[in-house]
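Presented below is the structure to which this report refers.
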Amino acid sequence: MIVSLNWIKELLGDQASSLPEVEVIADTLTRIGHEVEEIRTTSTLPDSVIIGEVLETQKHPDADRLKVCTVRISESETTTIICGAPNVAAGQLVPVATPGAVLPIHDKEGKPLKIKVSNIRGVESNGMICAMDELALGEDHDGIMVLNDEVTASDIGRPFAEVCGLMGDTLIEVSLTPNRPDAASHQGLARDLCAALGLSTAWSFSSRGGNDAKDEWRPKAQQSSNKEHVSIELKDGACPRYVARWIHGVTIAPSPLFVRQRLESLGLRSVNNVVDATNWVLHEMGHPTHAFDAGAFESGTLRVQRFDNDVLFTTLDHVERTCPAGTLFICDGDKPVAIAGVMGGLESEVSDQTTDILLESAMFAPSSIRKTSKALGLQSDASYRFERGADPLACTFAADRVIELIKAWAGGEVSAEIADVSGIQEYEPQAIEFDTALTTRILGHTIEDDVQFDTLTSLGCVVDNSASVHPPSFRPDLTRPIDLVEEVGRLWDYNRLPEPSVQQAFVPQPIPQRESYIVACASACMRLGYREIQANSLIPKEDAQRAIDPALVIHTLNPVSSEATSLRPTLAIGGLNVFQRNRNRGVHAARCFEIGHVYRRTDKEGKGKGTWHQGIEERTHLWMGVTGPATTADWAQAESTYRFDHLKRDLLGVLRVALGSSVQVHELSFQMDESNPLISTIHAQDEIIGTFTELGRKERSSYDLESPTFMVEIDLDTCFEMWSHSTPTRAAEVSKFPSIDYDFALVVASNVTAGTLEQIIRDAGSDRLHDVQCFDVYEGDQIAKHTKSLAFRCTFLDSTKTLTFNEVEDEIKLILNSLKDKASAELRT
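What follows is the structure in structure tokens.
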């Protein structure tokens, strides 16, 4: 919200002289909860821009579009000015920039434009007759400003800014919190500012019957009976109060210049004198009103109601909108003329032909306006305030103020009739029992009772002798004693609270074991050169159903978009989307990981693992993926792509952290299919902990990936359980004695995995078997069909002596015999 400091000062009257510098005002507003985001100033026009009168115009002798104007700039002085405006004519009172005047626009060099005496095609020009944009008063450049309705002949020669009330201003942009609807106005902010600075706030209640006049808080419901005017019918509880006023014989015209300047400085577009009056009151008092062309009401009944079907409706911004069923409308009978609390309709707008005005000042339920505004994607100044909660008593005050301004700016005859229809018979302010000792307990500092009660009174609260506090009607956020403590604290200034003395040393709490575990797994991935990603937990329905059994996918009831309809059952989809985006941006190589939650429905018996809630399972997974070139080409090497063993090696390094050193890992159950040539389930302690996948060509093409792509996804919840029961890793002394390596090749059936053979070797070996590695795989003509050759290297080590081949020969024979018995493995010669 943009606030005019000049407007604040006008509201304060004589107290304006007590206001501090604007920087202090900004700090005070921020301190009391209204954060100031920006301060900017608008300059005052120089006194050398004066009121002049065009006495005569003649065609320029050497230019078709220019006129030579004789302009009177004082009682006794006339001058000649060349003007190209098409609307310049004799008898006009106009703003004249005399030589030496510096205007708030810039020349071709970017400097402020300084008016000089100039010769234009042989004719001397002694100034400039100004258009609106040349004085920074708007964007209109269709012609010069004509001031005959603003000033009189007696003003000729006087400074233009002084005569028209166009003074420089300081504009403060404030960020308001949603719980303070009262602050969305100049009166509301000025009231808070005065209360914080110790100035009187009585001026802010003078138009409301006083902050201690309880009888004024109870507006009685009444119904118009004058047949000249429409009757009011409230058909929905979302409009608890509706006030209507009538004014006849208005003259629609542009608003006075000072009104246009002020509204436009706040970011509003000046429309006409009637509409501007409603906008003026909205920013002054904070209560939205709306002016209808009374001639648009033909049925004799103004009805506030909803429709059970969608309604096509054209709003004031000339946009035809489809309003969903349930939208609250203001209707002429059953014909909508405005979207209640949001925006009026084009057919009932105030135009140049309007003579009679029906003024609406109502109250609408915040939830109804918020829902309508969101459904239509339309937020107006009115909906912004109604969404936060309108003052139930401001209806009459705001209507009276608008009528006052319309009468002053547009004339007309105000009807004595007031239609005030209320669904609530009376407004009773809520009483809050307030114990001032609560403030001491909450703030940790004693504030005198009188100071607390004076603070609350300055904000409009009424304090009874029994310490019962009645909040004003414009503060719906004050409902509990703690709310009153907050008001006292923010205005007394939280910065004044003394620093509390530390009674005991701070003892940091240990990080939960599971959190430390997740951090350790992520650190292991980063040490291996993987970059962490964070993908969206919501993915398209088609992707989710392609990843797992569609019956296990969890769909959202109200998806925010077609790209976010289902909870992800796997992290792989998000990772592959990251690969695709990088590929489309020219980044071909990527090594990424993510730790996050996946979701799926549990089995029919509801015995799934993880967080089980109404048949829903939530698990923590780790995903790792590689794609693109593993190395780039240079003078020493050619480009190479990632292989299966690259990711496998990295995975084993991460699993040493995720499972602990005492848990053995092996992979089994390789499967081949058309889309993914290699899918391997990863096992630890006879339990599946994850899958290892190489994407097939078809799957890669769907993500625009050309290079071999490998990925692995493991269940960290399962791994954590194994890790928590594993033997802690202890440092081992490096042996002083050399090891012995023994290599051999085995011929086995094609379906036997290296992991199976490695496990047999380890089971058969003794404590001296230090390491086992598969270093070669062969399938070809030199061996039988449906077989393959796997070469292993066994490393033997004794920490107490140097081993000889004779000492391990018997162990090697035992290993080979075990391989033959358990896997039908033959030693290849």
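Counting from 2, one number per residue, gives the positions in the sequence shown under my numbering.
Yeah, the Cβ is synthetic: ideal placement off N, Cα and C, and Gly gets one too.
With contact defined as three or more Cβ pairs closer than 8 Å, the stretch 560-570 and the stretch 484-502 are not in contact. Taking a contact as a CB-CB distance under 8 Å, the pair Val275 and Val351 counts as one, their CB atoms being some 5 Å apart. The three-state secondary structure of Ile762, taken from DSSP, is helix. Gly413 places its beta carbon less than 8 Å from that of His249. Between Ile145 and Gly128 the beta-carbon gap is near 12 Å, outside 8 Å, which marks them as no contact.
Per the C-alpha coordinates, the member of His284, Asp478, Cys775, Asn752 positioned closest to Lys786 is Asn752. In the three-state DSSP reduction, His107 falls in the strand class (E or B). With respect to Lys236, Val305 sits close: the two C-beta atoms are nearer than 8 Å.
By the Cβ-count criterion, Pro473 is buried, with 16 or more other Cβ atoms from all chains shown falling within 10 Å of its own Cβ. Of Asn583, Val627, Trp493, the smallest CA-CA separation from Phe594 is found for Val627. Residue burial is scored here from C-beta neighbours: Asn273 has at least 16 other C-beta atoms within 10 angstroms and is therefore classed as buried. In this chain, the alpha helix (DSSP H) harbouring Asp544 covers 542-548.
Note on Pro709: 16 or more other CB atoms within 10 angstroms of its CB, so buried under the neighbour-count rule. Per the coordinates, the alpha-carbon of Asp353 lies some 7 Å from the alpha-carbon of Ala254.
Burial state of Arg322 is buried, judged by a 10 Å Cβ sphere holding 16 or more other Cβ atoms. Of the candidates Ala137, Asp822, Pro367, Thr754, Thr754 places its Cα closest to the Cα of Ser790. Here the alpha carbon of Val164 sits roughly 35 Å from the alpha carbon of Pro62. According to DSSP, residue pairing for Lys60 in a beta bridge involves Lys68.
C-alpha of Gln581 to C-alpha of Ser703: approximately 9 Å in a straight line.
When the five nearest sequence neighbours on each side are left out, the beta carbons in the same chain lying within less than 6 Å of the beta carbon of Leu652 are those of Val713, in order along the chain. A straight-line Cα-Cα distance of about 7 Å links Asp494 and Ile33. Note that the stretch 737-747 touches the stretch 795-809; at least 3 beta-carbon pairs, one per stretch, sit closer than 8 Å. The alpha-carbon separation between Val231 and Arg402 amounts to approximately 22 Å. With 16 or more neighbouring CB atoms inside 10 Å of its own CB, Phe398 falls in the buried class. If you compare the alpha carbons of Ile483, Ala432, Trp410 with that of Leu439, the shortest gap goes to Ile483.
In the DSSP assignment, Lys117 falls outside any alpha helix (DSSP H), carrying neither H nor E.
Here Ile26 is buried: its Cβ has 16 or more other Cβ atoms, across all protein chains shown, within 10 Å.
Taken through DSSP and simplified to helix, strand or coil, Phe314 comes out as strand. Of all C-beta pairs linking the stretch 283-301 to the stretch 332-343, three or more are shorter than 8 Å, placing the two stretches in contact. Considered as a whole, the stretch 679-721 harbours 679-685, 688-695, 711-716 as its complete beta strand (DSSP E) runs of no fewer than 3 residues, in chain order. For the stretch 124-170, the continuous beta strand (DSSP E) assignments of 3+ residues that do not extend past its boundaries occur at 124-126, in sequence order. Shown here, Gly756 sits in a helix according to DSSP, grouped into three states. Counting the other Cβ atoms within 10 Å of the Cβ of Thr42 gives fewer than 16, which makes it exposed.
The beta carbons of Pro96 and Cys70 sit no closer together than 8 Å.
With a cutoff of 8 Å on beta-carbon distance, Glu174 and Glu38 are scored as near each other. In this structure, Leu347 and Thr328 do not form a Cβ contact; the two beta carbons are roughly 16 Å apart against a cut-off of 8 Å.
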